[in-house]
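A short worksheet on the structure shown next.
Protein chains in written order, with UniProt numbering: chain A, 1 to 338; chain B, 1 to 338.
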């Protein structure tokens, strides 16, 4: 029987990324050397801007997942560190472009690159990092890995476009929202885990298991992110509570509140999210409606349900520290406060 | 002895892309089917926006060069059409991002995608096309081709960043300018030609020859472009004469005029290009100074000299229609008026 992910964090010891950190510590040092290598480009602005973001205390969750998956699959080659670095470059490129598209001012508690160097540099350095990621992957030379990650790159961008098209549209359904986060977030988690099996030439069943683990973990991660945007503490979050609200971003808490609300409430959501006419007290009112309709609770419930699928996906692997660490990542993502 | 590229277009029959068109016509039809395939993404906005640009009458010079190089190298596989399509996707992605960075209003005589769909969509669809290009290349499965094109992707972005850093800087040297156009323009011409040898597993000498051909053709192409921006006819050009001037873009005509000018003239260039304070009549004055210092003439001379290097680079190949067509492309690029 699959282990059930506890619904109440208070009853379990706090989940932590520590087992994952410990597992991949030495490889992560090598990765940090690659991604902080000042020699990556002679064009001064590139390392400057890239380091601002890369070195700003991100969790490096995706490369750590890739490394853990490689270990779980007993990979014994030398390509895993470069593949994991390329994944972090891809992620960083996405963040740079996202902040331009969302006109964000803060990320991880620091001014975004676009506020410091402008949108133009953010777009172009993002392009460079994506090119650099593929350069590294080609150097490793595994076509199955290249296939997984080139596919992820296209799907992530597709998800971002879908999100843009859905922006301010209160009629977005939960299914459409799921398709968006599946592409924009879950695709890279999924790819990061799947490359572990692909680079180790493991059986298809293991590759599919890791893909499913990553995908469902990514869905859970994004759902928690979307809930935190209405419930988190700005200082911890590294961005402001209510950013999604002010940007008119459609996330599950809004979708649920809109669908469960009465005509007057729907007017409120249309005025704020669709028309962007936001007045003092609107964010507090929005959070009040979400509480009333249990929208944040249900969003977290959905997250836990994807987390449980991610947990079960690893069931086919024998019990070993890598598996335990990867399963604890799920609990960490579900219980994080930032 | 290498054939000398004629300095005076009037004395030679007009160079044309026709021989190149004829050579690759059937393959180009297949490429058009790939790049105009509505099924490329289910996300409506993606084909809509991509087709606006892809289908807007570009010359498709880069994929045609790739196909011609494949033919010159007697390639007999089935990957060339997909590789050439991927190159056009890469180019289109660059154009989408360029227009955002340059805040351009017109391209090829049509409103730019960013004017119609916004900067956000242009950034994201560009990302999608780049991801799509790599997806196609991975599908073809040639690591040497992937190496050339992932390298080009990173170098192009690097060149764009260099150009951004040099913007409005009248102290930019001709060498720095060359480094910029070498990266932002010549790298993709070079890669397009080089893949022909790489995918056909030809000797290194032929690969290097095609790389040099493409690189020098690309330099010539960009130099002519930069001269046309001050001398072309807006209707033919598909963009406005003086766009570079208004954007404060540093190109060779400006670099030469600045260095050959007196103190008063340098003040003029600083006010207009560096400080962006442009008044009525300034563009005409700039063109007058360029004429006085032969800046456009010298820019064209430099272009012809790179054209001659490109021509010679193909010298090691036996005389055949592919070689002749590729050499005529050089003459076409030098004598084009748009």
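Idealized CB from N, CA, C, for every residue including glycine.
Quantities reported herein were computed from a predicted structural model and do not represent experimental measurements.
Reduced DSSP secondary structure (H/G/I, E/B, other) of residue i
| i | result |
| --- | --- |
| residue 107/A | strand |
| residue 177/A | helix |
| residue 291/B | helix |
| residue 317/A | coil |
| residue 79/A | coil |
| residue 333/B | helix |
| residue 184/A | helix |
| residue 29/A | helix |
| residue 101/B | helix |
| residue 23/A | helix |
| residue 56/B | coil |
| residue 253/B | helix |
| residue 142/A | coil |
| residue 278/A | coil |
| residue 73/A | coil |
| residue 200/A | coil |
| residue 42/A | coil |
| residue 6/A | With a pLDDT of 46 at residue 6/A, under the threshold of 50, the modelled position of this residue cannot be trusted, and the question is left open. |
| residue 17/A | coil |
| residue 113/A | helix |
| residue 1/A | The predicted position of residue 1/A is uncertain, since its pLDDT is 41 and thus under 50; no value can be drawn from it. |
Cβ-based burial, residue i [other Cβ within 10 Å; buried from 16]
| i | result |
| --- | --- |
| residue 196/A | buried |
| residue 320/A | exposed |
| residue 216/B | buried |
| residue 281/A | exposed |
| residue 111/A | exposed |
| residue 36/B | exposed |
| residue 307/B | buried |
| residue 272/A | buried |
| residue 127/B | buried |
| residue 2/A | Legend: pLDDT at residue 2/A = 46, less than 50; position of this residue unreliable, no value from coordinates given. |
| residue 63/B | buried |
| residue 229/A | buried |
| residue 190/A | buried |
| residue 159/B | buried |
Residue from the options whose Cα sits closest to the Cα of residue i
| i | options | result |
| --- | --- | --- |
| residue 167/B | 330/B, 86/B, 276/B, 216/B | 276/B |
| residue 286/B | 254/B, 29/B, 298/B, 317/B | 254/B |
| residue 192/B | 175/B, 223/B, 146/B | 146/B |
| residue 130/B | 218/B, 94/B, 295/B | 94/B |
| residue 108/A | 52/A, 37/A, 306/A | 52/A |
| residue 60/A | 48/A, 248/A, 31/A | 31/A |
| residue 246/B | 269/B, 118/B, 265/B | 269/B |
| residue 222/B | 99/B, 149/B, 211/B, 299/B | 299/B |
| residue 376/A | 330/A, 293/A, 266/A, 249/A | With chain A represented from 1 up to 338, any question about residue 376/A goes unanswered, as that position is not in the structure. |
| residue 170/B | 18/B, 332/B, 295/B, 274/B | 274/B |
| residue 102/B | 174/B, 249/B, 190/B | 249/B |
| residue 213/A | 92/A, 327/A, 98/A | 327/A |
| residue 322/B | 106/B, 143/B, 231/B, 70/B | 70/B |
| residue 153/A | 163/A, 141/A, 183/A | 183/A |
| residue 316/B | 18/B, 97/B, 118/B, 202/B | 202/B |
| residue 20/A | 72/A, 34/A, 261/A | 72/A |
| residue 113/A | 165/A, 46/A, 302/A | 46/A |
| residue 67/A | 87/A, 151/A, 294/A | 87/A |
Partners in chain A for residue i, counting only beta-carbon separations shorter than 7 Å
| i | result |
| --- | --- |
| residue 151/B | 135 |
| residue 41/B | 158 |
| residue 141/B | 143 |
| residue 154/B | 128, 131, 132, 135 |
| residue 120/B | 101, 164 |
Closer than 8 Å at the beta carbon, the chain A residues around residue i
| i | result |
| --- | --- |
| residue 97/B | 123, 124, 127 |
| residue 165/B | 43, 44, 45 |
Nearest-angstrom Cβ-Cβ length linking residue i and residue j, presumed shorter than 8 Å
| i | j | result |
| --- | --- | --- |
| residue 227/B | residue 23/B | Not a contact, Cβ separation roughly 28 Å. |
| residue 157/B | residue 124/A | 6 Å |
| residue 90/A | residue 188/A | 7 Å |
| residue 314/B | residue 209/B | 6 Å |
| residue 200/B | residue 74/B | 6 Å |
| residue 83/B | residue 137/B | 7 Å |
| residue 296/B | residue 337/B | That belief does not hold up - the Cβ atoms of residue 296/B and residue 337/B are roughly 13 Å apart, past 8 Å. |
Partner residues on chain B for residue i, Cβ-Cβ distance less than 7 Å
| i | result |
| --- | --- |
| residue 147/A | 138 |
| residue 162/A | 43 |
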